[in-house]
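**Q**
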Amino acid sequence: MGRTLHVDAGQPVLEAALRAGLNLPHSCKSGHCGSCRARILAGAIHYPHGRPLGISEAEEARGFVLLCQARADTDLVVSARVIANVADVEIKTLPCRIGRMALLAPDVMQVMLRLPAVEPLRFQAGQYLDVLLDDRRRSFSIASPPHDSELVELHVRRVRGGGFTERIFDGGLTTGALLRIEGPIGQFIYRDGTGPVLMVAGGTGFAPLKSMLRHLLESGVQRNVHCFWGARHERDVYEQALVLDWVRRFAHFRFTAVLSDASVAEAAHHRVGWVHDAVLADYPDLAPFEVYAAGPPAMIEALRESFPRHGLAPGKLYFDSFDYAPDTRRGST
Ligand SMILES: Cc1cc2nc3c(=O)[nH]c(=O)nc-3n(C[C@H](O)[C@H](O)[C@H](O)COP(=O)(O)OP(=O)(O)OC[C@H]3O[C@@H](n4cnc5c(N)ncnc54)[C@H](O)[C@@H]3O)c2cc1C
Ligand code: FES
39 MGRTLHVDAG
49 QPVLEAALRA
59 GLNLPHSCKS
69 GHCGSCRARI
79 LAGAIHYPHG
89 RPLGISEAEE
99 ARGFVLLCQA
109 RADTDLVVSA
119 RVIANVADVE
129 IKTLPCRIGR
139 MALLAPDVMQ
149 VMLRLPAVEP
159 LRFQAGQYLD
169 VLLDDRRRSF
179 SIASPPHDSE
189 LVELHVRRVR
199 GGGFTERIFD
209 GGLTTGALLR
219 IEGPIGQFIY
229 RDGTGPVLMV
239 AGGTGFAPLK
249 SMLRHLLESG
259 VQRNVHCFWG
269 ARHERDVYEQ
279 ALVLDWVRRF
289 AHFRFTAVLS
299 DASVAEAAHH
309 RVGWVHDAVL
319 ADYPDLAPFE
329 VYAAGPPAMI
339 EALRESFPRH
349 GLAPGKLYFD
359 SFDYAPDTRR
369 GST
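Residue numbering for the sequence shown follows the working numbering, starting at 39 and increasing by one per position.
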């Protein structure tokens, strides 16, 4: 079914589509993950910073573009896949206040947002929101589940020199501060089903998985879930106590922390290495599973490259790649 929408000059086509309520596939919004690939049937686009890394020359020659980076030069006719089950979620721009903050790890802050009482945010477990800052936006996954949306929970990792995250840590933004958000966004959502599920978090990639896990466990879904959480040190597995409590209470839930920079003491009682390798060591045949993964682009790349070779069915890997905002210069810190 066709939809017509207006794209401003210089605006990424994906952004215009999302604002118009058209939930097109995407993840990183930085031209890396390839999720927003679509085909141009008529018209011309350009990329402000040249061909993005997430698309090859051969794909480009076949008419494919990355909508998160593409700017329209003319009217366009685009063939893209719409994610049906989130297409009806209304994306809103809302004011909100920081209700409270708590340090979860030395560089991770739990930020609880209080939304206007008359304007609740309807979202699905796993989605994210954008914090709007003048002409820029910063994406953060929602860690609270849809059934507990009085305060919307975010896990914000400090990025040294980061325009937004530094202000959360240096006192520039404290309890009571007013923010503007846009959301919910994204199609990294929990899908109902009966088969076993593997979840893979890298660092604050635990946030959307926490939303999914609370949604599942607190609504009594009896699906087998094994969650792996990759982090540098034990302190970075910042909600381990909560997760281990779930392991005690729910027989169908398992958990494994995997430390990449473990000290000798940590290595004595933890799995050590890369989280995706630990998953494959425990589950060399991924054919029966659905996999939900969220975290740094390098981790997502590793999963996308290796899991299909271990039998993971096409379309059974759902992921969110926590890439930098597109307006930042990569590697400038
Ligand atoms: C869909 C999605 C969901 C996300 N969810 C979360 C989340 O739940 N929690 C969370 O902490 N982050 C999350 N992120 C990443 C987060 O949006 C960025 O880290 C954030 O935009 C940094 O904002 P900033 O203004 O502080 O830094 P910026 O001013 O944007 O960046 C300053 C410099 O730091 C570097 N930088 C920026 N971000 C990162 C990074 N992530 N890692 C390493 N270097 C970086 C860049 O080189 C940049 O030049 C998510 C990203 C996406 C795309
Ligand atoms: S490449 Fe466009 S969303 Fe990742």
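Using N, Cα and C, we set each Cβ at its ideal position, and we do this for glycine too.
Does the segment 88-99 touch the segment 44-63, meaning 3 or more C-beta pairs lie closer than 8 Å?
**A** With the cut-off at 8 Å, the segment 44-63 and the segment 88-99 do not touch.
**Q** So, helix, strand or coil for Pro246, using DSSP?
**A** Residue state, collapsed to three classes: helix.
**Q** Just list the beta strand (DSSP E) runs in the segment 145-193, keeping only unbroken ones of 3 residues or longer that don't cross its boundaries, in chain order.
**A** Runs found: 146-152, 166-171 and 174-179.
**Q** Going by the DSSP bridge assignment, what does Asp274 pair with across the sheet?
**A** Paired residues: none, contrary to the question.
**Q** Please name the residue, chosen from Ser249, Arg347, Ala325 and Gly240, that lies closest to Ala331 on a Cα-to-Cα basis.
**A** The candidate whose alpha carbon is nearest that of Ala331 is Gly240.
**Q** Here's a check: name, in chain order, each residue in its chain whose Cβ is nearer than 6 Å to the Cβ of Cys265, leaving out the five neighbours to either side.
**A** Excluding positions up to five away in sequence, the list reads Met237 and Phe293.
**Q** Using only the heavy atoms of ligand 1, determine whether one of them is closer than 7 Å to the beta carbon of Tyr362.
**A** Checking the Cβ of Tyr362 against ligand 1 gives yes.
**Q** Looking at Cys265 and ligand 2, is the gap between the Cβ and the nearest heavy atom below 7 Å?
**A** Not so, every heavy atom of ligand 2 lies at least 7 Å from the Cβ.
**Q** Could you compute how far the alpha carbon of Ala96 sits from the alpha carbon of Asp186?
**A** Taking the straight line joining both Cα atoms gives about 46 Å.
**Q** On the criterion of 16 or more Cβ atoms from any shown chain inside 10 Å, does Asp168 qualify as buried, or is it exposed?
**A** Asp168 should be labelled buried.
**Q** Assuming Leu297 contacts Val281 under a Cβ cut-off of 8 Å, what Cβ separation, rounded to an integer in Å, is found between them?
**A** Not quite, the Cβ-Cβ distance comes to about 15 Å (not below 8 Å), so this is no contact.
**Q** For Ser301, which residues from the same chain have a beta carbon less than 8 Å from its beta carbon, with the 5 sequence-adjacent residues on both sides left out?
**A** Closer than 8 Å at Cβ, skipping near neighbours: His271.
**Q** Quick one, which of Thr232, Gly69 and Asp173 has its alpha-carbon nearest Glu328's?
**A** Among Thr232, Gly69 and Asp173, the Cα nearest to that of Glu328 belongs to Thr232.
**Q** Identify every run of the alpha helix (DSSP H) within the segment 208-269, keeping only runs that are complete inside it and at least 4 residues long; order them along the chain.
**A** 244-256, all fully within the segment 208-269.
**Q** Is the beta carbon of Lys248 within less than 7 Å of some heavy atom of ligand 2?
**A** Not so, every heavy atom of ligand 2 lies at least 7 Å from the Cβ.
**Q** Going straight from the alpha carbon of Ser203 to that of Glu191, what length do you get?
**A** Checking the displayed sequence, the identity of residue 203 turns out to be Thr instead of Ser. Distance between the alpha carbons of Thr203 and Glu191 is about 15 Å.
**Q** Between Gly59 and Ile136, is the Cβ-Cβ spacing less than 8 Å?
**A** Taking 8 Å as the Cβ cut-off, Gly59 and Ile136 do not qualify as a contacting pair.
**Q** Assuming Cys71 and Ser359 make a contact with CB atoms under 8 Å, what is their CB distance in whole Å?
**A** Indeed they touch by this definition, with Cβ atoms about 5 Å apart.
**Q** With distances taken Cα to Cα, identify the nearest neighbour of Thr42 among Ala325, Ala54, Pro335 and Pro50.
**A** Comparing Cα positions, the closest option is Ala54.
**Q** Taking the beta strand (DSSP E) that Ser392 falls in, what are its first and last residues?
**A** Because the chain here runs from 39 to 371, residue 392 falls outside it and cannot be looked at.
**Q** Let's test the definition: count the other Cβ atoms within 10 Å of the Cβ of Asp361 and tell me whether it reaches 16, buried, or not, exposed.
**A** Flag for Asp361 reads buried.
**Q** Report, in whole angstroms, the separation of the C-beta atoms of Cys425 and Leu217, which I expect to be a contact under 8 Å.
**A** Limits of the chain in this structure are 39 at one end and 371 at the other, which puts residue 425 out of reach.
**Q** Please say whether Met337 and His314 have beta carbons closer to each other than 8 Å?
**A** In this structure, Met337 lies closer than 8 Å to His314 by Cβ.
**Q** Can you name the start and end residues of the alpha helix (DSSP H) that Arg57 belongs to?
**A** Segment Val51 to Arg57, the alpha helix (DSSP H) holding Arg57.
**Q** In this structure, how does DSSP classify Ser344 when only helix, strand and coil are distinguished?
**A** In the structure shown, Ser344 sits in a helix (DSSP, three-state: H, G or I).
**Q** Using a Cβ-Cβ cutoff of less than 8 Å, which residues in the same chain neighbour Thr131 once the five nearest sequence positions on both sides are dropped?
**A** Result list for Thr131: Leu170, Arg218, Ile219 and Glu220, in chain order.
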